[in-house]
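The numbers in my numbering rise by one with no breaks, and the one at position 338 of the sequence shown is 338.
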Amino acid sequence: MAKLLGLTLDELREVVASVGLRPFAAGQIAAWLYRKRATSIEQMTDLPMRARRLLEENGYTVGREAPIAEARSTDGTAKYLFIGRKGRDVEAVYIPDHDRATLCVSSQAGCKMACRFCMTGQGGWQGNLDAGDIINQVLSIPESESLTNIVFMGMGEPADNIDAVLAAVDILTAPWGMAWSPRRITVSTIGKLDGLRRLLEETQVHIAVSIHSPFALERERLMPVEKAFPMREVLPVLRGCDFAHQRRLSMEYTMFAGINDDDRHADALARLLKGMHARVNLIRFHRTPGFEGRPSDRTTMERFRDRLNEAGITATIRASRGEDIMAACGMLAGKAKTSNNTTDEQ
Numbered sequence: 001m002a003k004l005l006g007l008t009l010d011e012l013r014e015v016v017a018s019v020g021l022r023p024f025a026a027g028q029i030a031a032w033l034y035r036k037r038a039t040s041i042e043q044m045t046d047l048p049m050r051a052r053r054l055l056e057e058n059g060y061t062v063g064r065e066a067p068i069a070e071a072r073s074t075d076g077t078a079k080y081l082f083i084g085r086k087g088r089d090v091e092a093v094y095i096p097d098h099d100r101a102t103l104c105v106s107s108q109a110g111c112k113m114a115c116r117f118c119m120t121g122q123g124g125w126q127g128n129l130d131a132g133d134i135i136n137q138v139l140s141i142p143e144s145e146s147l148t149n150i151v152f153m154g155m156g157e158p159a160d161n162i163d164a165v166l167a168a169v170d171i172l173t174a175p176w177g178m179a180w181s182p183r184r185i186t187v188s189t190i191g192k193l194d195g196l197r198r199l200l201e202e203t204q205v206h207i208a209v210s211i212h213s214p215f216a217l218e219r220e221r222l223m224p225v226e227k228a229f230p231m232r233e234v235l236p237v238l239r240g241c242d243f244a245h246q247r248r249l250s251m252e253y254t255m256f257a258g259i260n261d262d263d264r265h266a267d268a269l270a271r272l273l274k275g276m277h278a279r280v281n282l283i284r285f286h287r288t289p290g291f292e293g294r295p296s297d298r299t300t301m302e303r304f305r306d307r308l309n310e311a312g313i314t315a316t317i318r319a320s321r322g323e324d325i326m327a328a329c330g331m332l333a334g335k336a337k338t339s340n341n342t343t344d345e346q
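Have a look at this one:
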């Protein structure tokens, strides 16, 4: 079966032409998929019955899939598990916060980047999600209609699956799609340059770059991709983009006790980002199996934040959410995989 979910308007035009329907049917299908949120072709009632039969006879389906598991935190955060690739399921995390309701979506099953502190990276890469898989996360959670923001900060490196991510952003923002403002969307990346350049050139979404240390060798120990995509090459690309107005650039900085959280690191980070329209998000580390690092305490994080602010760099501490449901990326999928393996062995 071929799914319609995740197809752009141009791709839907190709579909309707291939089954002998008139071009305007593509717009009708797009409206049913992305605004009316149909879960079956039969629900597309402004398409003639013959057109609906032609789509089904040619092997097309909407392609919506419900989560296969969920976990809920006492703070309102909810984590949903979706079918991924090659036995590696993927996660989406719903984060309510006063008048905001953010969904953190995955773009890959696993990840190639192998960051030492990330459970997703420890599990390796099992495949790319397509645009339909990404949009399905947005449309198939119970809180879908109340979402205000989307962040591509779940499992995977968005810039390593850039075609699918750009198609999903197009669907989210296009008038024929969900018609969201790109200012409601943030895409996070380690700085993979080819994908990052396309995000900057082809979208107006906010950008978040994972840095975690201002020193190249120390960053490489945490993030081996520093060798392939060093910050000394990433930052000039970012400096060449206009972040002075509505578009926002964030530098993501997870803090590890005794590793990257002292004055030396704060001062070096301030020097590195001087003159850039960037804010620093300081993130409390959620412990993950296989990494010996510990989270910095609150006092240390506040000192680090204040030192950056005094140096002219806007820095904030991101609220920690959902630790009781293993909200760190990859942990629910890892638990589900372990449970499935245990069941199979019994």
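Virtual Cβ for every residue (Gly too), placed ideally from N, Cα, C.
query, result
"If distances are taken between C-alpha atoms only, which option among H245, G156, F117 comes closest to N128?", "G156"
"Between C115 and T61, what straight-line distance do the alpha-carbon atoms span, to the nearest angstrom?", "37 Å"
"So what's N149 in DSSP terms, helix, strand or just coil?", "strand"
"Run through the DSSP bridge pairs and tell me what N309 is partnered with.", "Paired residues: none, contrary to the question."
"Span of the alpha helix (DSSP H) holding R221?", "216 to 222"
"State the Cα-Cα distance for the pair G258 and I190, rounded to the nearest angstrom.", "22 Å"
"Does A17 pass the burial test, meaning 16 or more other C-beta atoms within 10 Å, or should it be called exposed?", "exposed"
"Select from Y253, R35, A167 the residue whose C-alpha is nearest the C-alpha of G195.", "A167"
"Once the 5 residues before and after A92 are set aside, which same chain residues still bring their CB inside 7 Å of it?", "Y80, F82, L103, C104, V105, S106, Q137, I141, G154"
"Buried or exposed, going by whether 16 or more other CB atoms sit within 10 Å of the CB of T8?", "buried"
"Since N161 and E218 should fall inside the 8 Å C-beta cutoff, what is the C-beta to C-beta distance between them, to a whole number of angstroms?", "Not a contact, Cβ separation roughly 28 Å."
"Report buried or exposed for K36, applying the criterion of at least 16 other Cβ atoms within 10 angstroms of its Cβ.", "exposed"
"Would you tell me roughly how many angstroms separate the C-alpha atoms of E65 and Q204, rounded to the nearest one?", "29 Å"
"Does S250 pass the burial test, meaning 16 or more other C-beta atoms within 10 Å, or should it be called exposed?", "buried"
"Quick one, which of P158, I135, T300, A319 has its alpha-carbon nearest T173's?", "I135"
"Figure out for me which residue from L272, R287, D89, A38 has the closest Cα to the Cα of G63.", "A38"
"Given a cut-off of 8 Å on the beta-carbon distance, is the pair M231 and I211 in contact?", "yes"
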